[in-house]
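In this note's numbering, the protein residues as written are 1 to 178.
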DNA sequence: CGCGCGATTGTA
DNA sequence: ACAATCGCGCGT
């Protein structure tokens, strides 16, 4: 069915803030699991001190400088993995952190819990999400939805950027009770 | 080459 | 408020 086609490299090639907003309501597929993306954050290497890539390309962040549509999975606080999707054009680092996912039975809040529940680890770093129907994002419901923009969570730099995007609670409640 | 600290979370 | 826990990357 149409809905199983991975979002294209062209989609991810858009500016990171736009992609972060556009990913809300889309469906993340990982193995046999699938859920609706409810919360994202945008990170941009060029002018965003909160981004891992702000200080330039390193072994860890090199994936963020690569082509759009690839996974960037990193370990945080020695115990949690976080999943990002590389965006924008190759050579200019940016990516979207996935922070919330609505599954048929649970709503996962927080990037660490999201990866822990799905089983995403460093083994899933640097995957091309535009070529694999078992690890990708698809169009989802296509319903228009409301979301809020807020400062990003857990950072001390660039807190003026309202680059965290969350689907409205009312809309979430509707989905949960539908 | 050593060491401080982080895009987090659960528990006190 | 704070511990758990470890690899990255800055500074020496």
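Just so it is clear, CB atoms sit at the ideal spot from N, CA and C, and this is done for glycine as well.
Check, Outcome
"Nearest-angstrom beta carbon gap, residue 101 and residue 114 [assumed within contact, 8 Å]", "5 Å"
"For residue 132, the nearest candidate out of 59, 19, 32 (CA to CA)", "32"
"Reference residue 121, options 152, 99, 75, 161, closest by Cα", "75"
"Of the residues 160, 17, 60, 13, the one placed nearest residue 126, counting alpha carbons only", "60"
"Sheet register partners of residue 98 (DSSP bridge)", "40"
"Where the beta strand (DSSP E) containing residue 148 begins and where it ends", "147 to 150"
"CB contact flag (residue 54, residue 45, <7 Å)", "yes"
"Spatial distance of residue 41 from residue 57 (CA atoms)", "20 Å"
"Spatial distance of residue 48 from residue 91 (CA atoms)", "16 Å"
"Reduced DSSP category for residue 124 - H, G, I as helix; E, B as strand; rest coil", "helix"
"Inter-residue Cα distance where the pair is residue 4 and residue 29", "9 Å"
"Bridge-paired residues (DSSP) for residue 138", "27"
"Cα-Cα separation, residue 168 to residue 150", "12 Å"
"Exposure label - residue 143; buried when at least 16 CB within 10 Å", "exposed"
"Distance, residue 105 Cα to residue 117 Cα", "12 Å"
"Cβ-based neighbour list, residue 64, same chain, cut-off 6 Å, excluding 5 preceding and 5 following", "53, 72, 86, 93, 95"
"Same chain only: Cβ atoms within 8 Å of residue 89, ignoring 5 sequence neighbours per side", "13, 68"
"Candidates 147, 159, 79, 156, of which the one nearest residue 20 by Cα", "147"
"Alpha-carbon spacing of residue 98 relative to residue 139, whole angstroms", "16 Å"
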